[in-house]
Amino acid sequence: LKYNLNEVIVTAGKSPISFSNAARSIEVLTLDEIKNAPVFNVQDLLQYSQSVDIKQRGAENVQADISIRGGTFEQTLIMIDGIKLTDPQTAHHNLSLPISFSNIERIEVLRGQGSRVFGPNAFTGAVNVITRKDLSKRISLNLRGGENNLYETGLTVSYPLGNWGNTISINKSKSDGYRENSHFDISNFNYNSYLNLGKGNISFMFGYLDKKFAANTFYSTRFNNQWEHTITRFINTSADFDINRFQVNAKVFYRINTDDYILDFNRPSFYRNFHKSFNYGNEISLSRKFDFGNIVAGGEFNKDEIYSTNLGNHQRAKYGFFTEYSHSIQNQFIFSLGFFAYKYGNIDWKFWPGIDLAYKLDSQNKLYTTFGKSFRLPSYTELYYTDPVTIGNPNLIHEESTSYEVGFNRLTENYIFNLALFRRDGKNIIDWLRLTNQDKWQVANLTELNTIGIETSIESDFNNLFIRNIKLSYTYLDLQRNAVNLQSKYILDNLKHQAVIGVDHNSILGIIFSWKFRYENRVNLENIFLADLRISKSLNYFDFFVNASNLFNKAYSDFDQVPLPGRWISAGLKVNLEME
């Protein structure tokens with residue numbers, strides 16, 4: 026096997042760039058890696074990604090928070106095909122992705138600040154989920170069943186009409202849960218359309234995700250019968266065209282999310298919150314290549330609204346414009362610099378600059394450094410939420426940080442090696458704070474948080490009959506916080522050490538074993554070591570598999586007093602038909 030990441034184009038800048046030339050710390054989860062991993066959704070897949078912290082309250086895509094490099098769950102930007110999916114109510118919903126897992130082409134994980142490229146909320150990193158846009162005729166059927174009365178069915182049909190590709194995916198999963206009041210029922214529908222016009226293309230997507238789940242002790246350890254029902258709808262259209270040597274890119278999107286939360290489903294009227302949020306906008310950019318480099322400029326408009334029984338009714342408009350200049354000198358010295366200017370609410374225009382530099386020692390070895398400023402807007406929950414133990418703060422301002430990074434990358438035909446050292450100095454960090462256990466949680470911009478980290482990883486494919494792939498990564502994080510006399514609700518539970526090992530190997534009769542091991546040393550929680558395994562066999566049009574998550578039946582939790590599943594075994598098959 027040989028790496029082809031040299032040819033992969035990544036979106037770490039406004040100008041798409043090949044993976045080998047990128048002056049950033051990026052991980053690309055390829056289609057093969059997605060297919061072989063012992064997972065069935067994005068949130069479980071990302072828990073094997075370096076420096077990514079997935080904290081789950083419920084398994085099987087029920088709910089999870091994501092953070093990168095020790096940030097909070099509000100500081101990571103999630104995108105589908107470059108469209109931002111920030112939920113204005115709370116980032117607890119950001120991984121509610123209305124797409125089919127079987128229709129993902131790859132996932133790009135940008136580690137480190139990204140505000141000069143993506144604007145707000147790419148504070149510590151960004152995740153971009155790239156959907157498939159092929160013109161093939163194919164049918165895929167997924168069937169899975171397992172312990173805890175788990176079943177999952179999925180159907181994907183792709184049928185082009187000339188240069189117009191169409192893909193429809195339907196998925197359903199349901200379980201009685203792994204403990205009392207942890208049952209769930211999740212449905213997903215997704216339609217993708219792709220029209221190739223020669224000198225340009227147009228893409229359209231509609232997604233619908235309906236999640237009903239028991240939320241035992243999710244938000245309060247005093248109530249076992251919590252219940253939540255969320256519905257996410259997402260529409261986006263994008264177009265890319267070449268017009269008189271200019272590359273024009275335009276995007277329009279509309280996202281609606283409803284969240285119905287009941288504190289005790291046996292007494293629905295006792296305490297119930299209903300939130301309906303809207304987020305919509307557009308972006309346009311123009312780029313042109315000159316002899317002296319590539320220039321990109323553009324702007325965006327974004328508006329979000331919320332209508333809530335607890336948070337009230339609010340809306341805010343957001344405006345931004347950006348520019349970027351990039352150039353490669355003899356394909357050896359590569360640099361990119363630019364800024365994103367942003368205005369929202371009553372906050373005037375502010376500029377968020379950044380620069381990326383890379384120097385190729387030879388065709389395989391590269392040094393890089395990056396500097397940039399980033400920011401994150403407060404959510405409506407932080408601004409307006411109140412309950413008997415929590416007080417929001419309508420006077421919050423945005424968080425901001427300054428980040429520095431140096432790294433080394435070696436990319437050969439057989440392996441890839443990365444080493445990075447970084448520092449992030451954050452100020453006005455939004456934190457839920459209290460002095461004693463008897464006080465209410467209050468949110469404020471009081472915290473300064475400095476983060477120092479080291480990342481190293483190596484991945485290798487092998488040309489032998491047994492080992493197919495080995496991937497190793499390690500991350501160390503040290504967070505220094507100034508508000509030492511105050512209790513923190515979210516900031517002081519970050520990972521300090523993280524190690525991930527992935528091994529894929531062949532066995533007799535063409536059976537493939539895919540192992541994933543994770544070690545997490547988390548501040549203020551017990552250390553954990555987890556193992557997952559997928560055993561699969563392909564036979565003509567059929568892929569058979571057995572999956573075991575938490576193979577050694579480890580008792581653990583990502584949130585205090587919210588236990589996660591022990592060993593959970595499932596099995597199934599996938600039928601893949603390619604049509605002429």
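Note that the working numbering numbers the sequence shown so that position 238 is 263, with each residue one more than the last. C-beta: ideal position from N, C-alpha, C; glycine also. The model shown is predicted, which means the values in this text are computed figures rather than measured ones.
1. Count the C-beta pairs between the region 41-57 and the region 400-409 that are closer than 8 Å, then say yes if the count reaches three, no if not.
2. On a Cα-Cα basis, can you pick out the residue from 141, 137, 601 and 160 that is closest to residue 217?
3. Measure from the alpha carbon of residue 275 to the alpha carbon of each residue in 281, 265, 284 and 475, then state which is nearest.
4. Taking the CB atoms as reference points, tell me whether residue 418 and residue 468 lie closer together than 9 Å.
5. Can you have a look at residue 535 and say buried or exposed, based on whether 16 or more other CB atoms are within 10 angstroms of its CB?
6. Excluding the 5 residues flanking residue 42 on each side, which residues of the same chain have their C-beta closer than 6 Å to its C-beta?
7. Spell out the partners DSSP gives residue 81 in its beta bridges.
8. Is the CB-CB distance between residue 332 and residue 302 below 9 Å?
9. First and last residue of the beta strand (DSSP E) that includes residue 409?
10. Could you check the C-alpha separation between residue 26 and residue 103 for me, to the nearest Å?
11. According to the neighbour-count rule (16 or more other Cβ atoms, all chains shown, within 10 Å of its Cβ), is residue 593 buried or exposed?
12. Can you list, in chain order, the residues of its chain with a C-beta nearer than 6 Å to that of residue 224? Leave out the 5 residues immediately preceding and following it.
13. Is DSSP giving residue 512 helix, strand or coil here?
14. First and last residue of the beta strand (DSSP E) that includes residue 531?
15. Using the beta-carbon count (16 or more within 10 Å), is residue 559 buried or exposed?
16. Work out the CA separation of residue 300 and residue 434 for me, nearest whole Å.
17. Can you find the residues in the same chain that come closer than 7 Å, C-beta to C-beta, to residue 410, ignoring five residues on each side of it along the sequence?
18. Ignore the nearest five residues each way along the sequence and tell me which others in residue 285's own chain have a CB closer than 6 Å to its CB.
19. State buried or exposed for residue 28, treating a residue as buried only when at least 16 other CB atoms are found within 10 Å of its CB.
20. Name the DSSP bridge partner or partners of residue 503?
21. Can you have a look at residue 209 and say buried or exposed, based on whether 16 or more other CB atoms are within 10 angstroms of its CB?
22. Measuring CA to CA, which of 379, 394 and 377 is closest to residue 385?
23. Could you check whether the Cβ of residue 214 sits closer than 8 Å to any heavy atom belonging to the ligand COA?
24. Check each candidate in 220, 83 and 181 and name the one with the smallest Cα separation from residue 603.
25. Give the DSSP-derived three-state secondary structure of residue 59 in the structure shown.
26. Say whether chain C places a C-beta atom closer than 9 Å to the C-beta of residue 498.
27. Specify, as a first and last residue, the run of the alpha helix (DSSP H) that residue 71 falls within.
28. To which residues does DSSP link residue 204 through a beta bridge?
29. Specify the secondary structure class of residue 428 as computed by DSSP and reduced to three states.
30. Classify residue 496 as buried or exposed, calling it buried when 16 or more other Cβ atoms lie within 10 Å of its own Cβ.
31. Keeping to the same chain, check which residues put their C-beta closer than 7 Å to that of residue 99; ignore five residues upstream and five downstream.
32. With distances taken from CA atoms, which of 157, 392, 324 and 347 is nearest residue 376?
33. Does DSSP put residue 324 in a helix, a strand or coil?
34. Please report the Cβ distance between residue 281 and residue 297, rounded to the nearest whole angstrom; I am assuming they are in contact, meaning their Cβ atoms lie under 8 Å.
On the basis of the data shown:
1. Contact fails: fewer than three Cβ-Cβ distances are below 8 Å.
2. Taking the first residue of the sequence shown as 1, we reach residue 217 at position 192. Closest option to residue 217, Cα to Cα, is 160.
3. Within the sequence shown, numbered from 1, the residue matching residue 275 stands at position 250. The shortest Cα separation from residue 275 among 281, 265, 284 and 475 belongs to 265.
4. Walking along the sequence shown from the start, residue 418 turns up at place 393. Walking along the sequence shown from the start, residue 468 turns up at place 443. Yes. Within cutoff.
5. Here residue 535 corresponds to residue number 510 of the sequence shown, with the count starting at 1. When all chains shown are included, residue 535 counts as exposed.
6. By one-based count along the sequence shown, residue 42 stands at place 17. Here the set comprises nothing.
7. Start at 1 with the first residue of the sequence shown, and residue 81 comes out as number 56. According to DSSP, which records beta bridges pairwise, residue 81 is partnered with 89.
8. On the sequence shown, residue 332 is found 307 positions in, with the first residue counted as 1. On the sequence shown, residue 302 is found 277 positions in, with the first residue counted as 1. Yes, the pair counts as a contact, with Cβ atoms nearer than the cut-off.
9. Numbered from its first residue, the sequence shown carries residue 409 at position 384. From DSSP, residue 409 is part of no beta strand (DSSP E) but of the alpha helix (DSSP H) over 405-409.
10. On the sequence shown, position 1 is the one that residue 26 refers to. On the sequence shown, position 78 is the one that residue 103 refers to. With a pLDDT of only 37 at residue 26, under the threshold of 50, the placement of this residue in the model should not be trusted; the figure read from the coordinates follows. Cα to Cα, residue 26 sits roughly 31 Å from residue 103.
11. As a first step, residue 593 is located in the sequence shown; it is residue number 568 there, counting from the start. The residue in question, residue 593, is buried, as its Cβ has 16 or more Cβ neighbours within 10 Å.
12. Your numbering for residue 224 matches position 199 in the sequence shown. Around residue 224: 267.
13. Locating residue 512 in the sequence shown gives position 487, counting from the first residue. It is a strand residue.
14. Here the question's residue 531 lines up with position 506 in the sequence shown. That run of the beta strand (DSSP E) goes 520-531.
15. Locating residue 559 in the sequence shown gives position 534, where the first residue counts as 1. Under this definition residue 559 is a buried residue.
16. Position 409 of the sequence shown, counted from the start, is the residue given in the question as residue 434. Position 275 of the sequence shown, counted from the start, is the residue given in the question as residue 300. Computed Cα separation, rounded: 45 Å.
17. As a working note, residue 410 is residue 385 in the sequence shown. Excluding residues within five positions, the ones whose Cβ falls inside 7 Å are 335, 336 and 417.
18. For the purposes of this step, residue 285 is taken as residue 260 along the sequence shown, with counting starting at 1. Correct list, in chain order: 254 and 299.
19. Taking the first residue of the sequence shown as 1, we reach residue 28 at position 3. Its pLDDT being 48, under 50, residue 28 is placed unreliably in this model, and the coordinates cannot settle the point.
20. Your numbering for residue 503 matches position 478 in the sequence shown. Bridge partners of residue 503: 477.
21. Translated into positions along the sequence shown, residue 209 becomes position 184. Result: buried.
22. On the sequence shown, position 360 is the one that residue 385 refers to. Ranking 379, 394 and 377 by Cα distance to residue 385 puts 394 first.
23. Ligands are entirely absent from the displayed structure, and the ligand COA is therefore not among its contents.
24. Position 578 of the sequence shown, counted from the start, is the residue given in the question as residue 603. Ranking 220, 83 and 181 by Cα distance to residue 603 puts 181 first.
25. Here residue 59 corresponds to residue number 34 of the sequence shown, with the count starting at 1. DSSP places residue 59 in helix when its eight states are reduced to three.
26. Absent from the structure: chain C. Only one protein chain is present.
27. For this step, residue 71 is matched to residue 46 along the sequence shown. The continuous alpha helix (DSSP H) containing residue 71 extends over residues 67-71.
28. Counting from 1 along the sequence shown, the entry for residue 204 is found at position 179. Beta-bridge annotation (DSSP): residue 204 is not paired with any residue.
29. As a working note, residue 428 is residue 403 in the sequence shown. Residue state, collapsed to three classes: strand.
30. Within the sequence shown, the letter at position 471 stands for residue 496. Label assigned to residue 496: buried.
31. Residue mapping note: residue 99 aligns to position 74 of the sequence shown, counting from 1. Within the same chain, residue 99 has close Cβ partners 116, 401 and 404.
32. The residue you call residue 376 lines up with position 351 of the sequence shown. The candidate whose alpha carbon is nearest that of residue 376 is 347.
33. Position 299 of the sequence shown, counted from the first residue, corresponds to residue 324. Collapsing the DSSP output to three states places residue 324 in a strand.
34. Position 256 of the sequence shown, counting from 1, holds the residue named residue 281. Position 272 of the sequence shown, counting from 1, holds the residue named residue 297. Wrong, their Cβ atoms sit about 20 Å apart, outside the cutoff.
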